[in-house]
Every structure is written in C-alpha cells, then in structure tokens.
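Inspection log for the structure reproduced underneath, given as structure tokens.
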Amino acid sequence: MGAIRFGLAAVKNVGTLAVENIIEVRKERPFDSLLDFCRRVDLRICNKRVVESLLQAGAFDQLPGHRAQLLAMLDETVDAALKWRKERDELQIQLFDDLIETPNWEIRYPDIPGFTVTQQLELERELLGLYLSGHPLDDAAALLEEPGLQRLMDLGEAADESQAVTAGMVVSVKEITTKAGKAMAFVEWEDQIERCEVVLFPEVWKRSRTLIVKGALLALRAKVQQEDEGFKLLAEEVAPLGADTLRGLLQRRSAAAARAGGPGRAAPAGAPGGAPAPRAGGAAAPAAAEAAARDSGAADSGQRVFIKITPSAENPALLSRLQALLQRHPGPAATLLFYERNQKLLALSDGYRIKPSEELAAAIEAMMGSGTVRIK
Numbered sequence: 001m002g003a004i005r006f007g008l009a010a011v012k013n014v015g016t017l018a019v020e021n022i023i024e025v026r027k028e029r030p031f032d033s034l035l036d037f038c039r040r041v042d043l044r045i046c047n048k049r050v051v052e053s054l055l056q057a058g059a060f061d062q063l064p065g066h067r068a069q070l071l072a073m074l075d076e077t078v079d080a081a082l083k084w085r086k087e088r089d090e091l092q093i094q095l096f097d098d099l100i101e102t103p104n105w106e107i108r109y110p111d112i113p114g115f116t117v118t119q120q121l122e123l124e125r126e127l128l129g130l131y132l133s134g135h136p137l138d139d140a141a142a143l144l145e146e147p148g149l150q151r152l153m154d155l156g157e158a159a160d161e162s163q164a165v166t167a168g169m170v171v172s173v174k175e176i177t178t179k180a181g182k183a184m185a186f187v188e189w190e191d192q193i194e195r196c197e198v199v200l201f202p203e204v205w206k207r208s209r210t211l212i213v214k215g216a217l218l219a220l221r222a223k224v225q226q227e228d229e230g231f232k233l234l235a236e237e238v239a240p241l242g243a244d245t246l247r248g249l250l251q252r253r254s255a256a257a258a259r260a261g262g263p264g265r266a267a268p269a270g271a272p273g274g275a276p277a278p279r280a281g282g283a284a285a286p287a288a289a290e291a292a293a294r295d296s297g298a299a300d301s302g303q304r305v306f307i308k309i310t311p312s313a314e315n316p317a318l319l320s321r322l323q324a325l326l327q328r329h330p331g332p333a334a335t336l337l338f339y340e341r342n343q344k345l346l347a348l349s350d351g352y353r354i355k356p357s358e359e360l361a362a363a364i365e366a367m368m369g370s371g372t373v374r375i376k
C-alpha cells in the first residue's frame, strides 16, 4: 500500500498476452533478477522488445542493476535463457536435490554509468506517455518560485489579453508558412501540471526559433487568449530558463502593464489610457477604430478582408474576441464575414475597417482556423 501502480499493459510494446504470462509465472515466486525473469517467462510471448520496454519504463527497478546496465546485458541474457531452455528441453541440465533446476551460468553486470535523469525521463515519456519518476522542470524548482511567475494551471482564470510570464518545457513544435511566405510556429508547451498551445507569429518565431526545440526548458512572456475550452498563449518574448532572464521578462511584463494602465494587462491599440475596447456587437460604434479609419481614407479604399466563420466558430464569445482583435488594427480595408454554414456574407461597419498585415492575418487564423482569411 502507499505505492503508485501503473498497469503493465499500458507500457508501449507490451501486450496483454505478455502481461498474463508474467503474472502467471510470478505466482510461483517473485523474480530476483533479469536473468531469473528471462529464464522463467515464455520468451516467445515476452520477447526481447517487450522486456526492453519494461526495463526502460522502470518495471525492473527493484531488481539488481540499473536501467542502463540491464539494457546493455539484455541481448546476452535473452540468448543465455534461450540456450538454457533448449538444454533443459533436451534433458541436458544439471539436477540436484529432488529435481530442483540449477542453472550453471550467470551474466555479469557491465560497469557502465546509469542513464541521466533526462534520458530516464524521456524513456518514461516515450513508453508510458507521461513522466513517472519526475519531470525535467524539477531541477528548476527554485526558479519556479520566483515572485510574479505564473503557473499554467492559473492562467485559465487570467483575464483575456492579459500579459503572463511562465516557465515550461517544449513538448513539440509545428512550423507553418503563412500566405505571405513567412514562417511561424505552434508549440505544445507544458509545466509539471498543465499543458497548452503557444503561438509564435513570424517576427517572434524568427527571433526565437533557435531556442525552441523539443525538450528545451524556457521562460516565456506572452499574451493570454481565453477560449471556450481552455486558453492559448501568444508569445511575445522567449528566453532560456534562468534567474536573470526570468527576472528580465517579469520586469518587461510590469513595464507593459504600466503602459497599459492595469496590472499585467496589455492595452489594446487604439484604446487610449488602457481603457478596454468596446465589446463587439454593441450598439455604439468603436470610436477609436472609426476615427482611425476616417483618417486613413477608409471610404476610398477598395481593399477588402474576408473572414470565413465556420460552423464551429459561430459562438458569441469567439466572435466577440475576433471583433476585439479587429478593433486593435484600425485601417482602410473593409471587413466582411462569410458564414460557411448558411453561405451568408456580412459586411461589418466602418468601425471595423482594418489595416491588413501578415501578423493580423496570422492572429485571425490562430483564432478562427487555418485558411479563414483572404484579402482582395
């Protein structure tokens, strides 16, 4: 009791037949070594690949030898066990004390270093789908206590568009090319508890791409974008995880908040003094956007931006965030929404005329889906 148990069948490459064989054999007595295990199980079912996955996942940690040693001696051990079984079947084994079988061979444990913590954790992640004996961020525990640093589990309650500084690990990276031919990326990001998506628009990705590799421990300053099911982070600055870089990000977040006129909140462009932009769909036209549109000659511009609204995007909260995004990019181009479900085209008022840009298009597609923006 008091132990965390993990089902053997959940280990990658280990099937139920192998598990049933192990359980049946273990009823006789516990295994006392890798050699004992290989000698007693059916190696046609519990083959070398199965045993390798089990030992790399930590299933043999209570037996003699560390994981790297057991892996190094596995081939020799399996071959010896098969040879012993063949000799036994041919009645060429030694018999003592009322037919108790005594193998006349042993395998030496190689004198090699064990896996590093990182190697061991990566093997656990690969074979179990999660880190079991720890997390790569455990070594940075002191840094994670830095005042002002936010954990991912707390950002679900953060204000939409607020600034956040968080620490985490890169799980995966997906690079794409925008319609303008520039690279940007979507990163799967996690700390010890939570996971989220981080969007890196072209300029941020260009500055940060050498840092963002699978397994990298990094600090991130980003804008929080709340969604119906969770949140995502729009990266503004990425840095290696360290005391100095972390404090630098926190200072720059504070400076951004001071400019915005609120704690940790970024001021939308065109909303003077940090006042929040009017909610989309209200009766009053967004004055700042209208003024900017008039100043830029919006009425004379022939450029139009079409945004496709898929059926899954037809919800007030998401459309409200879209309109708030448009308000922060005032300009001359008319904006039209194309509702895919009923094939309806809706022209927004002059208050939502925008200045088309690659960054804005990428932000809209990150919110509404790939291929939802077209400029004509």
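When the letters of the sequence shown are read in order and numbered with the numbering used here, they come out as residues 1 to 376. For every residue, glycine included, the Cβ atom is placed at its ideal position computed from N, Cα and C. All figures in this text were calculated on a predicted structure; none of them were measured in a lab.
Taking the Cβ atoms as the reference, residue 358 lies roughly 6 Å from residue 182, within the contact range of under 8 Å. Excluding five sequence positions before and after residue 73, the CB atoms of its chain that fall closer than 8 Å to its own CB belong to 34, 65, 107, 108, 109 and 110, given in chain order. Between residue 249 and residue 216, the C-beta gap is not smaller than 8 Å, which leaves the two residues out of contact. Closest option to residue 331, judged by alpha-carbon separation, among 70, 152, 155 and 350: 350. In the structure shown, the three-state DSSP call for residue 225 is strand. Ranked by Cα distance from residue 325, the options 361, 310, 309 and 339 are led by 361.
Beta-bridge partners of residue 170 (DSSP): 189.
The three-state secondary structure of residue 236, taken from DSSP, is strand.
If you draw a 10 Å sphere on the C-beta of residue 230, you find fewer than 16 other C-beta atoms in it, and that means exposed. In terms of CA proximity to residue 26, 40 leads the group 40, 318 and 224. When the Cα atoms are used, residue 37 and residue 130 turn out to be separated by approximately 26 Å. Sequence-distant Cβ neighbours of residue 190 in its own chain, meaning closer than 8 Å and more than five residues away, are 152, 168, 169, 171 and 196. Looking at the DSSP output, residue 335 bridges to 305.
DSSP places residue 137 within a helical segment (H, G or I) once states are collapsed to three. Considering only 214, 355, 209 and 235, the residue with the shortest C-alpha distance to residue 221 is 235. Three or more Cβ pairs closer than 8 Å define a contact, and the segment 117–128 meets that threshold against the segment 10–21. The beta carbons of residue 82 and residue 70 sit about 17 Å from each other, so the pair does not count as a contact at 8 Å. For residue 75, the closest alpha carbon among the candidates 61, 50, 87 and 62 is that of 50. For residue 373, no alpha helix (DSSP H) run applies; the uninterrupted beta strand (DSSP E) run containing it begins and ends at 373–375, by DSSP.
If you compare the alpha carbons of 192, 193 and 173 with that of residue 211, the shortest gap goes to 173. Taking C-alpha positions only, residue 214 is separated from residue 346 by approximately 42 Å. The beta-carbon separation of residue 163 and residue 223, rounded to 6 Å, stays under the 8 Å limit for a contact. Membership of residue 365 in the alpha helix (DSSP H) is indicated by the continuous run 358–368.
According to the DSSP assignment, residue 48 belongs to the alpha helix (DSSP H) that extends over 48–57. For residue 163, the secondary structure class from DSSP, reduced to helix, strand or coil, is strand.
For residue 346, the enclosing beta strand (DSSP E) has its first and last residue at 344–347.
A direct Cα-to-Cα measurement between residue 303 and residue 179 gives close to 17 Å.
Looking at 338, 176 and 259, the one whose alpha-carbon comes closest to that of residue 370 is 176. Here residue 166 has 149, 150, 151, 152, 155, 191, 219, 220, 222 and 233 as same chain residues with Cβ atoms under 8 Å from its own Cβ, once five neighbours each way along the sequence are excluded. With contacts defined as CB atoms closer than 8 Å, residue 246 and residue 143 qualify as a contacting pair.
Under DSSP, residue 129 takes part in no beta bridge, so it has no partner. Between the beta-carbon of residue 308 and that of residue 329 there is about 18 Å, and that puts the pair past the 8 Å contact cut. Separation of residue 353 and residue 254 (C-alpha to C-alpha, rounded to the nearest whole angstrom) is 31 Å.
In the three-state DSSP reduction, residue 110 falls in the coil class, being neither helix nor strand.
Beta-carbon to beta-carbon, residue 68 and residue 6 are separated by about 21 Å, too far to satisfy the 8 Å threshold.
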